[in-house]
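Everything below concerns the one structure shown next.
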Amino acid sequence: MAPLLAARPRLWGILIVSNSAEFDISHIRLGDRPLIVCDVDDVVLQFIGPFQLYLKSLGHEFLPRSFRLHGNIVSLADGVALEDQHVSRLILEFFEAQESWQTPIDPVVSTLERLSDDADVLFLTAMPPQFSAHRRRLLDSAGLTFPLLASEQPKGPIVQALHGGRDLPVVFIDDMARNLHSVKEHVADCLLIHLMPDSPVHRFAPAAAENIARARDWAHAAELIDQHLAAHTISRANPAA
Ligand SMILES: [Mg+2]
Numbered sequence: 316m317a318p319l320l321a322a323r324p325r326l327w328g329i330l331i332v333s334n335s336a337e338f339d340i341s342h343i344r345l346g347d348r349p350l351i352v353c354d355v356d357d358v359v360l361q362f363i364g365p366f367q368l369y370l371k372s373l374g375h376e377f378l379p380r381s382f383r384l385h386g387n388i389v390s391l392a393d394g395v396a397l398e399d400q401h402v403s404r405l406i407l408e409f410f411e412a413q414e415s416w417q418t419p420i421d422p423v424v425s426t427l428e429r430l431s432d433d434a435d436v437l438f439l440t441a442m443p444p445q446f447s448a449h450r451r452r453l454l455d456s457a458g459l460t461f462p463l464l465a466s467e468q469p470k471g472p473i474v475q476a477l478h479g480g481r482d483l484p485v486v487f488i489d490d491m492a493r494n495l496h497s498v499k500e501h502v503a504d505c506l507l508i509h510l511m512p513d514s515p516v517h518r519f520a521p522a523a524a525e526n527i528a529r530a531r532d533w534a535h536a537a538e539l540i541d542q543h544l545a546a547h548t549i550s551r552a553n554p555a556a
C-alpha cells in the first residue's frame with residue numbers, strides 16, 4: 316500500500332500520494348513569509364445559499380434538518396427526499412455550474428488583498444479536481460487570484476506538506492470542524508480559525524475543539540490573523556522573552 320503522504324516538505328516538487336491518486340502541489344511557490352490557507356465553499360465563496368437557489372431552480376428544496384445534504388433535499392412536488400445518488404449528482408452538477416451561482420462572501424476580497432501584503436494566501440478547496448478550472452475562473456473573475464488546490468483528501472497532510480517545518484506563522488481557515496481538526500493533528504502552532512455563515516444549516520454544524528478560534532466574520536478573522544502574525548514577529552525579535 317502506498318503511504319498516505321510521501322512528501323519532501325522543504326523541497327518544491329512535492330507529490331502527495333494516496334492509495335490511488337497522486338496530488339501534485341509542485342506549482343505552488345511560497346515566499347519566505349507567513350502562509351494563510353483558506354477553504355473556499357462557505358468561507359470565500361457563498362455555497363449553501365446559492366446551492367439552495369440552484370435546487371429550487373430544478374424543483375427541489377433543501378431542508379436544514381441536520382448538517383448534511385444527503386437525506387435533506389426533497390422534491391417540491393411531493394416532499395419526497397431525493398436518493399443519495401441523485402444528491403451526489405446534483406452537487407457535482409452545481410460545481411460544474413458554479414460560475415453562474417456562487418459569489419464572494421463580503422468583504423473577503425479586500426481582506427485577503429490586504430493580508431496578502433504580508434503573507435502568502437492559498438485556497439484549498441474540498442472539491443473534485445475536475446472542477447478546478449471552473450473554480451479558478453470564478454475566483455479570478457472576483458479578483459481572487461491566489462493559488463488554488465482542489466482535493467478531496469484530508470486537509471491536514473496537505474497543509475503539512477505545503478508548510479513543512481518552516482519557522483513562519485501558518486493560518487488555516489475553514490467552516491468544517493473535521494478539516495480544522497485534521498490540520499490541528501498535522502501542523503503544529505497553526506492558527507486555526509472556524510469561520511462559517513450564519514445559516515440555518517450551519518446551526519447544526521459540529522462544534523470545533525475548544526482551542527480553535529471561532530471568527531464571527533471576515534473582519535474578526537483578519538483581527539485574529541493580524542494578532543497571530545504580530546505575536547510571531549515579537550517572539551522572533553525577542554527569542555528569550
Ligand atoms: Mg467549506
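By the count of the working numbering, the sequence shown reaches residue 556 at its end, each step adding exactly one. Each residue gets a CB set at the ideal place from its N, CA and C atoms; glycine is no exception.
Neighbourhood of Gly374 by C-beta, 6 Å cutoff - its chain only, sequence neighbours within 5 removed: Taking the first residue of the sequence shown as position 1, residue 374 is located at position 59. Once the five neighbours on either side are set aside, the close Cβ partners of Gly374 are Leu391.
Val423 in three-state terms, based on DSSP: Start at 1 with the first residue of the sequence shown, and residue 423 comes out as number 108. Helix, per DSSP.
Distance, Arg348 Cα to His401 Cα: Position 86 of the sequence shown holds residue 401. Position 33 of the sequence shown holds residue 348. Going from the Cα of His401 to the Cα of Arg348 covers about 44 Å.
Inter-residue spacing [alpha-carbon to alpha-carbon] between Glu398 and Gln542: As a position in the sequence shown, residue 398 is number 83, starting the count at 1. As a position in the sequence shown, residue 542 is number 227, starting the count at 1. For Glu398 and Gln542, the distance between alpha carbons rounds to 46 Å.
Between the CA atoms of Glu411 and Val355 - distance to the nearest angstrom: Numbered from 1 along the sequence shown, position 40 holds the residue referred to as residue 355. Numbered from 1 along the sequence shown, position 96 holds the residue referred to as residue 411. So the alpha carbons of these two residues sit roughly 15 Å apart.
Coil, strand or helix - Asp455 by DSSP: The residue you call residue 455 lines up with position 140 of the sequence shown. Correct three-state label for Asp455: helix.
Exposed unless 16 or more other CB atoms sit within 10 angstroms - verdict on Ala322: In the sequence shown, the residue the question calls residue 322 occupies position 7. Because the pLDDT of Ala322 is 37, which lies under 50, any placement of that residue in the model is unreliable, and the number read from its coordinates should be weighed accordingly. Answer is buried; the Cβ neighbour count reaches 16.
Unbroken stretches of the beta strand (DSSP E), 3 residues or longer, contained in the segment 355-402: 375-377 and 388-390
For His547 and His517, the rounded distance between their alpha carbons: Against the sequence shown, residue 517 aligns to sequence position 202. Against the sequence shown, residue 547 aligns to sequence position 232. Going from the Cα of His517 to the Cα of His547 covers about 32 Å.
Spatial distance of Ser431 from Leu407 (CA atoms): On the sequence shown, position 116 is the one that residue 431 refers to. On the sequence shown, position 92 is the one that residue 407 refers to. Going by the C-alpha atoms only, they are around 31 Å apart.
Helix, strand or coil at His543 [DSSP, three-state]: Residue mapping note: residue 543 aligns to position 228 of the sequence shown, counting from 1. Residue state, collapsed to three classes: helix.
Neighbour flag for Ala441 against chain C, beta carbons, 8 Å: The chain inventory of the structure shown lacks chain C, comprising one protein chain alone.
Segment limits, beta strand (DSSP E) that includes His509: Mapped onto the sequence shown, residue 509 falls at position 194. From DSSP, the beta strand (DSSP E) with His509 extends over Cys505 to Leu510.
Range covered by the beta strand (DSSP E) that runs through Ile488: What you label residue 488 is simply residue 173 of the sequence shown in a count that begins at 1. Ile488 -> beta strand (DSSP E) spans Val485 to Asp489.
Start-to-end residues for the beta strand (DSSP E) that takes in Arg493: Sequence index remark: in the sequence shown, residue 493 carries index 178 (1-based). Counting along the chain, Arg493 falls outside any beta strand (DSSP E), though it belongs to the alpha helix (DSSP H) covering Ala492 to His501.
Under 8 Å between C-beta atoms of Ile343 and Leu459: On the sequence shown, position 28 is the one that residue 343 refers to. On the sequence shown, position 144 is the one that residue 459 refers to. Result no, Cβ atoms of Ile343 and Leu459 do not sit closer than 8 Å.
Contact test: Asp293 Cβ vs ligand 1 heavy atom, cutoff 7 Å: Residue 293 lies beyond the range of the chain shown here (316 to 556); nothing can be said about it.
Nearest neighbour of Asp421, chosen from Glu525, Ala457, Gln413 and Asn553 [CA to CA]: Locating residue 421 in the sequence shown gives position 106, where the first residue counts as 1. Nearest option by C-alpha distance: Ala457.
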